[in-house]
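J.: Here the sequence shown is numbered in the working numbering, starting from 85 and rising by one per residue.
The C-beta atom is built at its ideal place from N, Cα and C for all residues, glycine as well.
In this text the structure is predicted, and so the values were computed from the model without any measurement.
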Amino acid sequence: MVFKNCVLLALFGVFMQANSEALWRRASVYNIPGDPPYTVPEAQLAAAINCTSGYTSPKIALIVPGTAAQAEQAYGPNLGLLLPANGYPVCYLNTPDNSLIDAQITSEYVAYAINFLANSTGNPIRVVTHSQGGLNTQWALTFWPSTRNNVFSFFAIAPDYRGSIVLDAARIQLALGVPQNAAAVQQGYGSNFVTALAAHDGLTAHVPTTDVYTLTDELVQPEILPNATSALSGSNATNVAVQSVCPDVNPDHITIIITGVTEYLLLQAFRAANGRADPGSIPLGDRTQLCLDILPHFNSVAGAVSIGFQTLVAVFTTFTTVSDPQSAVTAEPPLMPYAQ
């Protein structure tokens with residue numbers, strides 16, 4: 085009888101191990117008390133998460149895309165190679181309509197993904213974002229407080245927390261009666277969206293955060309402290325202009341992703357006990373090679389070519405074309421009740 089029970093227990097253990105991932109994925113983190121209710125059905129939120137190596141690794145890194153980009157397509161050839169090679173399996177968040185719709189909706193996908201993956205791994209996760217992805221992630225962390233204990237490290241590349249004066253062009257076009265993509269309007273400097281974020285303490289880092297930006301960004305401006313749009317305040321924030329590390333390196337809004345300084349600081353933040361990068365600790369030898377972009381493992385011509393193409397597509401789509409009726413607006417989307 086004892087032998088039979090042992091066999092049954094062993095078989096049950098094998099069953100549980102084989103189905104652990106499926107069981108994790110069935111655990112719902114939808115509409116947690118204290119958070120605003122989601123407007124997107126849970127099945128749609130979950131379907132946007134694509135993990136290349138399963139959903140249970142304790143070192144999962146969530147990649148949140150910028151405007152007019154699909155995460156896997158845009159970041160697969162760069163971050164999608166760098167992170168797994170250094171022990172961080174990636175999960176792509178493929179947001180609907182290439183993040184051109186109401187950013188409040190897109191942010192729901194971010195909030196859900198954070199809680200879903202932290203639940204499935206049993207650990208706080210790492211998050212890396214680009215451009216609007218950083219703004220959407222900060223919106224999620226600000227208005228969905230349940231997410232804050234579920235992020236070990238938030239690394240934002242060229243985020244626009246205060247919006248961008250460049251994107252004010254979309255608001256001007258709206259005033260002329262020309263429909264625009266919702267997210268482009270919301271990212272204008274002083275839009276209702278970014279004003280609401282600031283009013284609810286959204287310019288303070290709620291989790292260990294590293295913001296990396298470039299003074300020569302052609303899409304996200306202003307980038308001069310103390311009001312750099314890519315910078316957060318608070319004890320959890322580390323703000324780094326690429327030029328503060330390498331004065332002669334001047335990447336643009338897209339090539340900053342594959343700049344050696346960015347990649348070095350990303351891995352540094354993800355490895356650090358406090359979840360934040362420390363640019364002051366970069367050894368002189370590494371700094372010299374980083375600034376020359378010759379440090380091994382931090383240089384990718386293939387990635388640069390791929391990103392360059394994505395830049396052209398993103399800029400053209402965002403500023404000249406409103407091809408999807410779901411993203412087209414004639415006025416900035418109204419704020420959700422929780423953000424008013």
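#1: Check whether the Cβ atoms of residue 202 and residue 294 sit closer than 8 Å, and answer yes or no.
#2: Taking C-beta to C-beta, are residue 326 and residue 346 nearer than 8 Å?
#3: Looking only at its chain, what residues have a beta carbon closer than 6 Å to the beta carbon of residue 207, apart from the 5 residues adjacent to it on each side?
#4: Starting from the Cα of residue 194, find the closest Cα among 358, 134, 308 and 278 and give me that residue.
#5: Measuring alpha carbon to alpha carbon, tell me which residue in 170, 271 and 285 is nearest residue 152.
#6: Give the straight-line distance between the Cα atoms of residue 373 and residue 116, rounded to the nearest whole angstrom.
#7: On the three-pair Cβ rule with 8 Å, is the stretch 250 to 258 touching the stretch 277 to 297?
#8: Below 8 Å, how does it come out for the stretch 234 to 241 and the stretch 215 to 226: are there three or more Cβ pairs, yes or no?
#9: Please give me, in chain order, every unbroken run of the beta strand (DSSP E) with length at least 3 that falls completely inside the stretch 279 to 326.
#10: Check the DSSP bridge columns for residue 115 and list the partner residues they point to.
#11: Excluding sequence positions up to five away, which residues of its chain have a Cβ less than 6 Å from the Cβ of residue 361?
#12: Taking DSSP as the reference, what is the three-state secondary structure of residue 185?
#13: Can you tell me which of the three DSSP states residue 146 falls into?
#14: Determine the contact status of residue 371 and residue 329, defining contact as a CB-CB distance below 8 Å.
#15: Would you report the Cα separation of residue 108 and residue 140, rounded to the nearest angstrom?
#16: Is residue 376 helix, strand or coil when you go by DSSP?
#17: Under the rule that 16 or more other beta-carbon atoms within 10 Å means buried, what is residue 260, buried or exposed?
#18: Once you ignore the five residues that flank residue 420 on each side, which residues in its own chain have a CB closer than 6 Å to its CB?
#19: Give me, in chain order, the residues of the same chain whose beta-carbon lies closer than 6 Å to that of residue 244; leave out the 5 immediate sequence neighbours on both sides.
#20: Please determine, among 285, 342, 263 and 248, the residue with the shortest C-alpha to C-alpha distance to residue 273.
T.: Here's the rundown:
#1: Looking up residue 202 in the sequence shown gives position 118. Looking up residue 294 in the sequence shown gives position 210. No; because the gap between Cβ atoms is not below 8 Å, this pair is not in contact.
#2: Along the sequence shown, read from residue 1 onward, the residue named residue 326 stands at position 242. Along the sequence shown, read from residue 1 onward, the residue named residue 346 stands at position 262. Yes, they are a contact pair.
#3: Here residue 207 refers to the residue found at position 123 of the sequence shown. So the qualifying residues of the chain are 142.
#4: The residue labelled residue 194 in the question sits at position 110 within the sequence shown. When only C-alpha atoms are compared, the closest one is 134.
#5: Along the sequence shown, read from residue 1 onward, the residue named residue 152 stands at position 68. Among 170, 271 and 285, the Cα nearest to that of residue 152 belongs to 271.
#6: Here residue 373 is taken as the residue at index 289 of the sequence shown, counted from 1. Here residue 116 is taken as the residue at index 32 of the sequence shown, counted from 1. Cα to Cα, residue 373 sits roughly 47 Å from residue 116.
#7: no
#8: yes
#9: 293 to 297 and 321 to 325
#10: Walking along the sequence shown from the start, residue 115 turns up at place 31. Residue 115 pairs with nothing; no bridge assigned.
#11: As a position in the sequence shown, residue 361 is number 277, starting the count at 1. So the list reads 294, 322, 349, 352 and 353, once near-sequence residues are dropped.
#12: Residue 185 sits at position 101 when you count from the first residue of the sequence shown. DSSP places residue 185 in coil when its eight states are reduced to three.
#13: One-based indexing of the sequence shown puts residue 146 at position 62. Here residue 146 sits in strand by DSSP.
#14: Position 287 of the sequence shown, counted from the start, is the residue given in the question as residue 371. Position 245 of the sequence shown, counted from the start, is the residue given in the question as residue 329. Taking 8 Å as the Cβ cut-off, residue 371 and residue 329 qualify as a contacting pair.
#15: As a working mapping, residue 108 is identified with position 24 in the sequence shown. As a working mapping, residue 140 is identified with position 56 in the sequence shown. The predicted model places residue 108 with a pLDDT of 46, which falls under 50 and marks its position as unreliable; any figure quoted below should be read in that light. Computed Cα separation, rounded: 8 Å.
#16: Your numbering for residue 376 matches position 292 in the sequence shown. DSSP places residue 376 in helix when its eight states are reduced to three.
#17: Within the sequence shown, numbered from 1, the residue matching residue 260 stands at position 176. Exposed, because fewer than 16 other Cβ atoms sit within 10 Å of the Cβ of residue 260.
#18: Reading the sequence shown from its first residue, position 336 is the one you call residue 420. Counting only Cβ-Cβ distances below 6 Å, and skipping sequence neighbours, we find 188.
#19: Here residue 244 refers to the residue found at position 160 of the sequence shown. Excluding positions up to five away in sequence, the list reads 219, 271, 304 and 313.
#20: Taking the sequence shown and counting its residues from 1, one reaches residue 273 at position 189. If we check each option's Cα against that of residue 273, 248 comes out closest.
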